[in-house]
Each structure stands twice: as C-alpha cells, then as structure tokens.
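First to last, the protein sequences are chains A and B.
When you read off a place in the first sequence, starting at 1, and then add 3, the result is the number in the working numbering.
Position 113 (the second sequence) corresponds to 104 in the working numbering; numbering is contiguous.
Below you'll find the structure, written out as structure tokens, and then a few comments.
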Amino acid sequence: INAEYGLLNFAQTKNKMFGSDILPYTPIDQIPDIVQSLKQTFKTGKTRSESFRRHQLHRLLDLLNDNSQEIHTATKKDLGKPAFESDLGEILGIRNDISRALDDLSCWMAPKNEGKGFAMITDQVQVIYEPLGVVLIIGAWNYPIQLILQPLIGAIAAGNCAVIKPSEVSAHTAFWLTQTLPKYLDPDCYRVINGAVDETTALLQNRFDHILYTGNSTVGRIVMRAAAEHLTPVTLEMGGKSPTIVDASADIRITARRIVWGKFLNAGQTCIAPDYILVHSQVHDELIDEIRKAINDFYGPDVLNSPHYSRIVSQRQFERLKALIDKATTQESESKIVCGGESDSSQKYIAPTIIDNCSPESPLMSSEIFGPILPVLRINNIDQAISFINDREKPLAIYLFSRTSSVIERIKSETTSGALLVNDTLLHAVVQDLPFGGVGESGMGAYHGQRSFEVFSHKKAYMRRSFFLSQLDTLRFPPYSNSNLKWLFAIFERTYSSNKLTRIVREFLALFIFLTSFILNFVLKKFA
Amino acid sequence: INAEYGVFVRSVGVRTAKQTLSKSLPFSSSARSSVMALTYTPIDEIPKMVQKVRDTFKSEKTLDVDFRKNQLRAFYRMIDENTDQLIQTVHQDLHKPKHETLGTEILLTKNEILHTLNHLSSWITSSAEKKLANINDELIVKHDPLGTVLIIGAWNYPILLVLQPLVGAIAAGNTVVIKPSEVSANTAAKITELITRYLDPECYTVINGAVEETTSVLEQRFDHIFYTGNSTVGKIVMRAASNFLTPVTLELGGKSPTIIDHKVDLKIATRRVLWGKCLNSGQTCIAPDYVLCHTSQYEKFIAELQVAHEEFYGANSQTHPDYGRIINQRQFQRLRGYINEAQNEPAASTEAQNPNGTIVFGGKTDEGELYISFTVVTNISPEAPLMQNEIFGPILPVIKIENIDEAVRFINSREKPLALYLFSQDKHSIEAITNRTSSGGLVINDTMLHLSVPSLPFGGVGNSGMGNYHGKRTFETFSHKKAVMRRSFAFSQLDGLRYPPLSDKKFSWLEFLLGEKASWGSLSSSSSSSPSEK
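The following block contains the structure:
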C-alpha cells in the first residue's frame, strides 16, 4: 500500500501545533504519557483474560454495526468512496475477522501440543501464545478504516494494549475514529493518536513491543530504523507494482472485467491493485477492446457523474497522477491513451485511463501508480513476463490470467510476490486463511485471520518435565563417558528415511531396545 | 546469546585473527597462543562474493528441491566425516570437552539435517482452508526461497549456531553468505574449509573477519539476516537491515532466571541446574543466569550444589577433563572482575554487606589457562553489576525469595529473558509463572532441554530477540509464505455481484457468499455482556 508519500515530508501548510481544521493533532508532549499509561494497564494483566478480549471484540463489532452510515459519510468525504465499496472494501473484511476471532479465540489461545520424540515421552511439550505488551498500529489513508481496525482485531485477540495512529491524510475518517473508538473500546487499553510527521516521529521514539505499519517503503525504512533502537519487531505492509499477466489462453472478456474491477476500485488507490498489464500480443487488441467495454458497462459513458467511481485523496496525489498522464502522452512516441485521460482538478477526479504500448522506461513504470492509470505492455511469451518481473522489486501481488497449467506452474515457481492470484484480482485479500503481506520491497510479515493473532503474540516454547526417571540424567551429566554418549545418541539421534513407516518402525525399535537394556543395566547394577 | 562484546568495538588493520588477538590484548595468552591463523576476507572482495551468490540465485539453481536435498546430504557427510577435526578445533577455541561438543553441537546439527531431509518435500506447499465462496478455487500457501541470506554466528557454540540455521537456509532454496564468529578462530577456519569443500561454492560462501568486514557485509543487500549474538550488535544489524527492508531474525541473550520453589525434589533439581550452568563453562545463551530460591530450600540448595559439583567434577574442576574454559582474555577479565568485587567471607553485620555479594563456593581463577571455577555468590543486591548484565560464565548468584509472587515481580521488573526455568511440583506456582511471565522459552523442572526439541520454536522476545527457528521453523524463517489462489473462468456470472453499477441488493448477496458466519454462541453474549454506552 502506497500511503501518502508526504507522511514525513508533507508540506505543512496546516497549522503545525493543532493539525488541520478537520482533525486536531495530539499534543506532542502528551504522547509519551499516553504510551506509558497503556504500559501500566498492560502490567495489571487486564487485557489477558479471554472474556475481556471477547468483550472488546464484541464492542468493535457493535461499533461497525451502529455506524455504517457514519463510515460511509467519512470515507465519502475523504475519498469519494461509494457506499458499496466502503461496505465491501472496508467493513466486510473486518466483520469477517471479528466473527472468526470470536468463534476461534479459545482455540487460538490454547497452548498447542507439539510433537516430541520418545525421549520426551514423559514430558509436556507445548507452544504457548502470550501477548507482547503495547503495540503500535499505523494506518494508511486508502482504506482508512480497514487498515486500522483489521490489525487491531489481532492485537485485541492476542491480549495486547494498542496505540492507533490513523493516517492524517484521510482526516475525516481519522476524526470520526478518534471520536467513536473510545465510546466502544476500553480507553485504558486502546488509544488513538493523531498527527503528521512531528507527531509520528515523537510516537516512534517510544518503546513498543510490536509495530505494524501500512504505507510506503520509504517510511517503512524509517519505522524499521526507529524500531531497531528498541529491538521492536515490525510488520511492514507496503506496496509495489503488482503485475497482471494476460496469457493467450485466457477468457479475455472475463479477464478484462476482473482487471477493470480490481484496478478502478477506490480509483486505483489500492495497495494490491493491478499496476500494469503484460499482455500476450495475440490477445492484445481483444483485451483493450474488452477493457473499454467493461469500463463503459461499469461506470457508463459519463464516469465523472457516476456514483460508483471514487476520487483521488489529496491535491498532491492528484497532481502526481495528472503529471503521469501528461508525460505519458507527450514524451513517448509509441504509447498512446486508448481510454480516458480526462481529469477534473476541482473534484480531484481522474478518469479510468488506459495507456497502450507503454515503454518499460516510462515514469509510469518506475514507481507504484496508485491511481486509475493502467499501462499495457506487450509480451510474446511467458519467459519474457518472468524475466520482466524478476528484473524488478518483488511485488505485493501478481495476477495471472491463463488456462494453461504449465504457464501457471512456471509463474508459481519462478517468480516471487506477496501473493499470486490466478484468474482474478484482489480476491485473495478476503480469504482469511491466506497470509496477507509482502516480501522484499513490498513488506515483511503477514496478517489476516488467525495470522493477525499470531503477529501480535509471542510463541513461547514450553516444556514441562517431571522428577520421574531422573536416573536418565546421569547420561548427560559429567563426568562424561563414551558409554553414556552412546546412550545419548541412541535416544536423541535421528535417522533418515524418506519412508514415514520405516521411520516409525525404527523409532519404536530403538525405544524398545533402549528401554529394555536400560532397565536391565539398572537392575544388574543394583544387584551386582 | 551473548557474543563477543568486542565485535564492534575493536578495529585493527591487521587482518588475521592470530595477530589481532595478540595485538588487542595486553595479556600474554599462553593457552591461546596455539591459535591457527584465520584469514580474513579482503574487504574489497566482499561485494563481489555477495554478488556472486546473488547471481547464482537468479540462475534458479537452488529452486530445484533435489538440488537442495543433495546439498543437505553433502552437508551431513561433511559433519560425519570430519567430526574428530571439529571436536579438536572447538577444543582449541573453548577447551570444550569432546562429549559436550558431540552431544550439543554435532548431534543437534546432524539431527536438524536429518529432520529436514525427512520432511522437506511436505513443507514446501500447504493448503489453506476454504469457504463456500471459494469452493471452486484452489488455495495454497507456497514457501518461496527469499534469495540471498546472511547468517552471522556466535563463538560460544561455533558449529551449531552457524550450521543449524544454514540447514534451513539451504532447505528453503536460498543462496547463503555465512559469517562465523572470528573469536572462535579455529572453528571458523575449519568451517570455511569444509563448506568450500563439501557444498556448492557458487551457492554458499563464507566470509571471515571482525568489525570492518562485518560492517562491509552489512552494507550489502540481503533478503534475510539471521544474527546470533548480543543486543547491542543486534540493534546495529537491524538498523543496517532497515536500509534494504531486510527482515531479521535476532537470537540474543539475557539473564535467564531459574526458580527453586518450596515444593521440589531438590537433589535432582540442583544437578539439573548445575549441569546447565557448567556446560561450556556457563557460556551458553540459555544457561541459567541466576537462581531465585525459596527461603525454605535456600540452605539445602547451596549445600547440595557443592555435593553435586564434587560428583560432577571431583575436588578440583581445573584438572577435570570435562570442565571447559573461558573463550578469551577479555571475557576472562570481565568474569574475574565480578569475583574480585564480591567478598570472600560473610560479613559480620548487615551494614558491612558488600552489595556485590559474598562468594560461598568456588571463586578460583587461573589467568594462564583462562580457568574460572564454578562460583556461587549470595547476598547480592539486585542492582549489582552481576545482576544487571548477562553473566555468560560459571558464576551463579542465588537470591532468596519468600514466595512465587515475589519471583514473578522480580522477573517482570526486568527485560524479558530468553529462557526461564522453574523447579516446582506446586500447581499454583507453575501456573503463576506460565501465565504471568514472558520469556523466549519456559522449562519446568529442567534446564536447556527445550533446545533439543525440533518441534519447539527457539527464540527470544523483547530484548532477548525476535523470530525463532529449529526444525520446520528454520525452513520457514528462510522462506516467504506466498498466498496462491487459483480461480477459474467458470461461474463468472457471479462476478456481476461485485461489479459496478452497484446496489444494496448486490451487497447482501456478496455478504452472504463471502461473510464469515459467526456461530450463535459467540455473538449472543454480546448483548448480555456489553453495557451500552451509546
């Protein structure tokens, strides 16, 4: 996800001390106290009990159910988001994760028994999930509700206290969240802090037990460097140019519609939106044709007045996107706008724009577009697509449209990306059991569903032994002897076999030999 | 694990370990003078070496699972065929008894290789759970190699801490740059020689050196960094990693507390504590650092320690073949400082108490041999240096506690430790420690054994580290979990539900298809338990 590029170099036209007219900023000198108060709460153990976590999750669900109108209004003001998109893109995912968490929380929290060799037969071997402490969640403006609340579910479910920092760019939503959250969630445990560069910098100087940041890789680096000072683990959810490959074997009509939907949802301001298309020359013309048709079907001939199409978040982003369109048409010989290209500065509107035959060196291809502009590049075979993708940073998602198994297999094994979705766009993000996160420049760590719980938990190795059979201890205690060592190896050394059955039989045999000879040895010593 | 504190402090222009050692130390180290020269990697070679393995990764050589398995088999042979030489080099570095090297370093590394070979094929892809809406889709999680990874080892287990992570890095299909600790110079030289001989040199390369070399290595871009050492250097590693957004696994150390509760089989408990503390002369990241002993067991525990010590090492551990030595002069002087600061006799009155404690057992040192005897310190203030820093040597402070709550408070007032050991047969105590303290690992009624269980995650939390490994988790540490979803073009009529023009009716259908259905029980409690604040 490409957050406001300006988070840390945002031209501060707004009043530094008080924030914007819409969103009052948290006074910087109060930030350490807020973090400290949450640390105190965590120490009391309040957030640890399952019933407390459940209650807070219920309250979060109530918050969504009671306020769908308010959420529509706030996201409409910030992004011109249609209510449908806001329900689908913001609320559905959170509701799913809460329901899942409420269903499975006791199961997630329960210690997991882990496999043990026969040497540990009398021991209890488990992994215990425990809360980390006070965690920080920094959201982005493009999905201003979801990117804050979805991680928060994991933080609550795992028993942590949390500081929430919504993006100041989506000011209306941030303001609404700041007003509403304390009415539902325990304000001793969960606090909202607002602000821009100065506030975020002050916030990052505090010690947290985990930081989950959604945004761009420039700020991601700053967050990680700040985290290093306190050895705080980080989850970084960033973006990148997610390629979309269209193979000749695909159903072009369905493909075009699925791409158009994924690209122009939220006016392209989606971290996993298809960034550019690599299309097989054979189906190139057909694809362009179908894309035009799909845009027309979806938004009608007059997109500007369609209620189903979003706006660009800020003037700054609008100017950046407009410049990309202008450069694409004037400077390049081959490439041309085959659809869209219009814009309206007063509404921050940019039409769904297709730029055909885009050159790989074009500014459009050098950074994440994060807007409704879709460059199309031709390829002649799948090798070309693979080397094109592998020459660039690892993307957050790769979309492949193909019916040919060998092509799918090759993309699957020869490219790396946060996710690979074959024959559709975006939908992997709503599957709770798939990890959502990037790799390399597109991020580190993953969440959604049970993984959100795991992100905010420490996996403690737990082993409980008894004082029974302590005679075996002498094998490992000094003075050391060769015979003791042989015994130790007999118990602990593993054997290699590709056949599972052989392995089990071997283990049992070893166990049997070991136990009988050990008892014999013991008895003999006693009576000798 | 507390690596050489000096890694980032010392910088000398001489690029072999033997020379830098004698140059940086004001003391004559007769015991270490037999050090084999470890040739440092020329700094201008480092970027080229990293680039070379990076290029190999791009060639897709390591994507092949059979290739990885063959490398792991060669890896196993490498250890198996050279066990005696490895034991010898570790003995030169740490005077580590042969049986300790075999039982910890060699056995655990071999087990990791075999465990990985046994299971690798089944680890690479796993399927994810489906719901109604995905009935027609294929959902899997595929483990992709990350690329070129860096493993930085520590000197206290110079084989295990470099080679165990290497197993997972190879298994996951990465190319690897290995940086053994230059402090355990003999082992580093041996490992360099063996890896070059047994493993594919295009894929796996060893870089040797101290501060300057490590700094230069960290300036390169990696796809994962796995560091074992101390938290000061851990921060430097993470800061360097942030420039390239490289994920890190940090295996650090900390003061691992050991609690002796009132209800306990003291004879067995004492021996298990002593074993853990004296293994490798206390230079183990998960060694019991200090003991919190229940008042009722206090006198008996101190007495039993001495009996057990005699059983283990006889009257004089200095001449016993199974007792190790301290790695170098620098560490020796640090440890001897603790002993010198403590007093030898119990003070007559409480006012005369030395805050640095009283030595009730041991306290013998021999600089020439870098020998420090097992030493028990009592009556120590929690603010004393010995109770502030990780000890990483055979000195054991014992502190009296009145009850288990006091132990919980004591532990929670400090940084989260890498391991916590509790000896108790009292259910209440076990629960209190399990639920109210946080540590990398928790072992009840033994020390250190959790390290040998491949199914348990090994790693710290907070100041003791981040990330974990061992067994399957080593493979996962060096893998990217790629979400793979495959849809078909069938049932594309349903697509219309999510496409504009949009309507409420469409959304209710979508919600029905994609929405998680909470079970009745989990939602019904909402109305009863939540006080309405609106």
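Note that CB positions come from ideal geometry on N, CA and C, so glycine has one too.
Using the three-state DSSP reduction, which class does residue i fall into: helix, strand or coil?
i: residue 269/B; result: helix
i: residue 402/A; result: strand
i: residue 13/B; result: Note that residue 13/B has pLDDT 38, beneath the 50 cutoff, so the model's placement of it is unreliable and the number below is only indicative. If DSSP states are grouped into helix, strand and coil, residue 13/B belongs with the helices.
i: residue 234/A; result: coil
i: residue 411/A; result: helix
i: residue 129/A; result: strand
i: residue 392/A; result: helix
i: residue 51/A; result: helix
i: residue 167/A; result: strand
i: residue 515/A; result: helix
i: residue 529/A; result: helix
i: residue 272/A; result: coil
Using only alpha-carbon positions, find the residue among the options that is nearest to residue i.
i: residue 62/A; options: 101/A, 41/A and 226/A; result: 101/A
i: residue 163/B; options: 505/B, 108/B, 308/B and 414/B; result: 108/B
i: residue 280/B; options: 349/B, 366/B and 308/B; result: 366/B
i: residue 483/B; options: 295/A, 518/A and 258/A; result: 258/A
i: residue 112/A; options: 124/A, 134/A, 94/A and 96/A; result: 134/A
i: residue 54/B; options: 473/A, 240/A and 415/A; result: 415/A
i: residue 354/B; options: 183/B, 345/B, 370/B and 385/B; result: 385/B
i: residue 245/B; options: 383/B, 391/B, 147/B and 369/B; result: 383/B
i: residue 273/B; options: 506/B, 215/B, 364/B and 221/B; result: 364/B
i: residue 412/A; options: 99/B, 106/B, 29/B and 133/B; result: 133/B
i: residue 156/B; options: 319/B, 445/B and 119/B; result: 445/B
i: residue 507/A; options: 125/A, 94/A, 69/A and 119/A; result: 119/A
Which residue marks the beginning of the alpha helix (DSSP H) containing residue i, and which one marks its end?
i: residue 457/A; result: 453 to 458
i: residue 285/A; result: 284 to 302
i: residue 106/B; result: 98 to 114
i: residue 67/B; result: 56 to 72
i: residue 265/A; result: 255 to 267
i: residue 75/A; result: 71 to 82
Counting C-beta neighbours from all protein chains within 10 Å, is the total for residue i 16 or more, i.e. buried, or is it exposed?
i: residue 529/A; result: exposed
i: residue 394/A; result: exposed
i: residue 527/A; result: exposed
i: residue 463/A; result: buried
i: residue 419/B; result: exposed
i: residue 519/A; result: exposed
i: residue 307/A; result: exposed
i: residue 62/B; result: buried
i: residue 233/B; result: buried
i: residue 426/A; result: buried
i: residue 35/A; result: exposed
i: residue 337/A; result: exposed
Start and end of the beta strand (DSSP E) containing residue i?
i: residue 531/B; result: Lying before the first or after the last residue shown, residue 531/B is absent from chain B, which here runs from -8 to 525.
i: residue 39/A; result: That residue, residue 39/A, is in no beta strand (DSSP E); its alpha helix (DSSP H) goes 34 to 47.
i: residue 135/B; result: 129 to 136
i: residue 142/B; result: 139 to 143
i: residue 471/B; result: 470 to 477
i: residue 369/B; result: 366 to 369
i: residue 245/A; result: 245 to 249
i: residue 432/B; result: 432 to 435
i: residue 359/A; result: 356 to 359
- Query: When Cβ atoms are compared, which residues of the segment 245 to 266 of chain B fall closer than 9 Å to chain A?
  - Reply: 255, 256, 258, 259, 260, 262, 263, 265 and 266
- Listed from N- to C-terminal order along the chain, which residues in the segment 197 to 224 of chain A have their beta-carbon within a distance smaller than 8 Å of any beta-carbon of chain B? 212, 220, 223 and 224
- Task: Could you name the residues of the segment 470 to 490 of chain A whose beta carbon sits closer than 7 Å to any beta carbon of chain B, in the order they occur along the chain?
- Result: 470, 473, 476, 479, 480, 481, 482, 483 and 488
- Query: Taking Cβ-Cβ distances below 7 Å as the criterion, which residues of the segment 158 to 191 of chain B are in contact with chain A?
  - Reply: none
- What residues in the segment 471 to 487 of chain B have a beta carbon less than 7 Å from any beta carbon of chain A? 471, 472, 473, 474, 475, 476, 477, 478, 479, 480, 483 and 486
- Just by C-beta distance, which residues in the segment 123 to 151 of chain A are closer than 9 Å to chain B? 123, 126, 127, 128, 129, 130, 131, 133, 134, 135 and 136
- Task: Closer than 7 Å, Cβ to Cβ, to anything on chain B: give me those residues from the segment 245 to 275 of chain A, in chain order.
- Result: So the close ones are 254, 257, 260, 261 and 264.
- Item | Interface positions of the segment 28 to 41 of chain B facing chain A (Cβ-Cβ less than 7 Å), listed along the chain | none
- Going along the segment 163 to 182 of chain A in order, which residues come within less than 9 Å of chain B, judged by CB to CB distance? Answer in chain order: no residues at all.
- Closer than 7 Å, Cβ to Cβ, to anything on chain B: give me those residues from the segment 101 to 122 of chain A, in chain order. 102, 103, 105, 106, 117, 118 and 119
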